[in-house]
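Student: Have a look at this one.
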Amino acid sequence: MDERFQSVVAEVKNQVDSGIRPSIQLSVEWNGMPVVDYAYGADASTSSLYWLWSSTKPFVAVALLQLVHEGRASLDDRVSKFIPEFGCAGKERCTLIQLLTHRGGFPDSAPTLRRELFRCARRWEDALAFVCKMAASWEPGNARGYHPCSAWYIVGELIQRLDDRPLSDALDARVLAPLGIEHQQFSLGRPDRLSSPAMTVQTPTERGAPPQAEADYYNDIETQRALMPGASGISNANQVLKFYRALLADGRGEHGTLLPPEWVRRATFPHVVGIPDRTWLRDIPWGLGFHLKHVIPSLDDCGETATPGTFGHGGHFLVNTAWADPGKNLAACILSNGLTEPRTGMEAVSKLSQSIHDVVDSILRSGGTTS
Numbered sequence: 132m133d134e135r136f137q138s139v140v141a142e143v144k145n146q147v148d149s150g151i152r153p154s155i156q157l158s159v160e161w162n163g164m165p166v167v168d169y170a171y172g173a174d175a176s177t178s179s180l181y182w183l184w185s186s187t188k189p190f191v192a193v194a195l196l197q198l199v200h201e202g203r204a205s206l207d208d209r210v211s212k213f214i215p216e217f218g219c220a221g222k223e224r225c226t227l228i229q230l231l232t233h234r235g236g237f238p239d240s241a242p243t244l245r246r247e248l249f250r251c252a253r254r255w256e257d258a259l260a261f262v263c264k265m266a267a268s269w270e271p272g273n274a275r276g277y278h279p280c281s282a283w284y285i286v287g288e289l290i291q292r293l294d295d296r297p298l299s300d301a302l303d304a305r306v307l308a309p310l311g312i313e314h315q316q317f318s319l320g321r322p323d324r325l326s327s328p329a330m331t332v333q334t335p336t337e338r339g340a341p342p343q344a345e346a347d348y349y350n351d352i353e354t355q356r357a358l359m360p361g362a363s364g365i366s367n368a369n370q371v372l373k374f375y376r377a378l379l380a381d382g383r384g385e386h387g388t389l390l391p392p393e394w395v396r397r398a399t400f401p402h403v404v405g406i407p408d409r410t411w412l413r414d415i416p417w418g419l420g421f422h423l424k425h426v427i428p429s430l431d432d433c434g435e436t437a438t439p440g441t442f443g444h445g446g447h448f449l450v451n452t453a454w455a456d457p458g459k460n461l462a463a464c465i466l467s468n469g470l471t472e473p474r475t476g477m478e479a480v481s482k483l484s485q486s487i488h489d490v491v492d493s494i495l496r497s498g499g500t501t502s
């Protein structure tokens, strides 16, 4: 660890010692150099494995974007061109780009609908059939609202049909291999290959926190074996950071190209901005599978002083997050195994991200560098 980032480590320790999280794993790179790779809390190490939850989404989105770049589909193609059974109940006009920007019109954010999907979420064919039959809440493209899981089953199925191999195999070849991410350190539905079990998910008894049954659901090995393209990734912070390192380097990974530079720019361009999200009830700009720097800085999980163009994705109401700030050539991944009341979680992750910016901003003001 770079000694100048001691205040960041202090914030990690404070959040764990105060009971906000049982453990935190943090990895930070600046100008391509690792400056923090740290874990704190019971049984936590830098090689511990954590649920990514929605921080999985960008990995899956990039695999689909590769297929579009190769000409196997267009972002403006209707989903029903490739998945005919999806084209019903008001979803007929939904396109690939609308899936990736949460404009598809069939979010699973309503509590009743979310529970119904989760009942079959661990069985791929059942979950896919459920989503295909869902009725649109609005005409695709006419509004937007965060789709926690529903749209991502469709993204995953598109990858399988366009690539002609199982989603996990496609992700291994298309994303993990060029990045040099080790199979033992990343799973999407394949926990048996991991070097160790995922950290046990915990939830406090405080009001507003998820119930114990939800933590038990994620700790169940059958859930970890489920293919949930928008939620079931398991990895650790320094491996996730390889993904964002490549995107900051014009798409170049350790062992190959993740995306061409023009497609990195397209993926992280603000395709949707200026209209409230019907799920979050606020404006969260979206790229293609990435959320961009928030309009309300006080809730920025990437930090209040992140530069415009910062992109990434949080997981499970900001239990964790990963982001890249091109303006500072800075990337970070924050992972935890502790659920909490959503506002508390958002504030904790945002504060930790901002502590990283505070150090970098101070060094830059004084004319310092990464060395």
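The sequence shown begins at 132 in the numbering used here and counts up one residue at a time.
Don't be surprised by glycine CBs; every beta carbon is placed ideally from N, CA and C.
1) Distance, Cα to Cα, L307 vs R209?
2) If you compare alpha carbons, which of V490, S497, S240 and P457 is closest to Q137?
3) Straight-line CA distance for G287 to V159?
4) Could you check if N468 is buried or exposed, using at least 16 other CB atoms within 10 Å of its CB as the buried criterion?
5) Leaving out five residues on either side along the sequence, give the residues of the same chain with a beta carbon under 8 Å from the beta carbon of V143.
6) Is W394 helix, strand or coil when you go by DSSP?
7) Tell me, which residues are paired with A329 by DSSP?
8) Pick from A380, P360 and E247: whose alpha carbon is nearest that of D300?
9) Just to confirm the assignment, what range does the alpha helix (DSSP H) spanning Q343 have?
10) For S429, does the count of other Cβ atoms within 10 angstroms reach 16, so buried, or fall short, so exposed?
11) For L386, which option in G311, W394 and C464 has the closest C-alpha, if you only look at C-alpha atoms?
12) DSSP on T399, reduced to helix/strand/coil?
13) Would you decide whether Q197 is buried or exposed? Buried here means 16 or more other CB atoms lie within 10 Å of its CB.
14) Does DSSP put F421 in a helix, a strand or coil?
15) Determine, using beta carbons only, whether M330 and A175 come nearer to each other than 8 Å.
16) Spell out the partners DSSP gives W454 in its beta bridges.
17) Are there 16 or more other CB atoms within 10 angstroms of the CB of R383, so buried, or fewer, so exposed?
18) Helix, strand or coil: which one does DSSP assign to P428?
19) Checking 8 Å against the spacing of the C-beta atoms, do S179 and N367 come in under that value?
20) Which residue marks the beginning of the beta strand (DSSP E) containing W269, and which one marks its end?
21) Between which two residues does the beta strand (DSSP E) containing S154 stretch?
22) Given P473, which residues of its chain have a CB within under 6 Å of its CB, disregarding the five upstream and five downstream residues?
23) Helix or strand or just coil, what does DSSP make of V166?
24) Which of the three DSSP states is assigned to T354 in this structure?
25) Between the segment 392-403 and the segment 183-200, do three or more beta carbon pairs fall short of 8 Å?
26) Can you name the residues that DSSP bridges to T226?
27) Contact defined as beta carbons within less than 8 Å: I believe I507 pairs with L183. What is the distance between those atoms, to the nearest angstrom?
Tutor: From the atom records:
1) 28 Å
2) V490
3) 29 Å
4) buried
5) I155, L157, Y169, Y171 and L483
6) helix
7) L180
8) P360
9) Q343 to N350
10) Its pLDDT being 49, under 50, S429 is placed unreliably in this model, and the value from its coordinates should be taken loosely. That one is exposed.
11) The identity of residue 386 in the sequence shown is His, whereas the question assumes Leu. Here the closest residue by C-alpha is G311.
12) coil
13) buried
14) coil
15) yes
16) G443 and A463
17) buried
18) Low local confidence applies: a pLDDT of 49 at P428 is under 50, so the model's placement there is unreliable, with the coordinate-based value given in what follows. P428: helix per DSSP, three-state reduction.
19) yes
20) Per DSSP, W269 belongs to no beta strand (DSSP E) and is neither H nor E.
21) S154 to W161
22) F448
23) strand
24) helix
25) yes
26) R209
27) The first residue shown for the chain is 132 and the last is 502, placing residue 507 beyond what the model contains.
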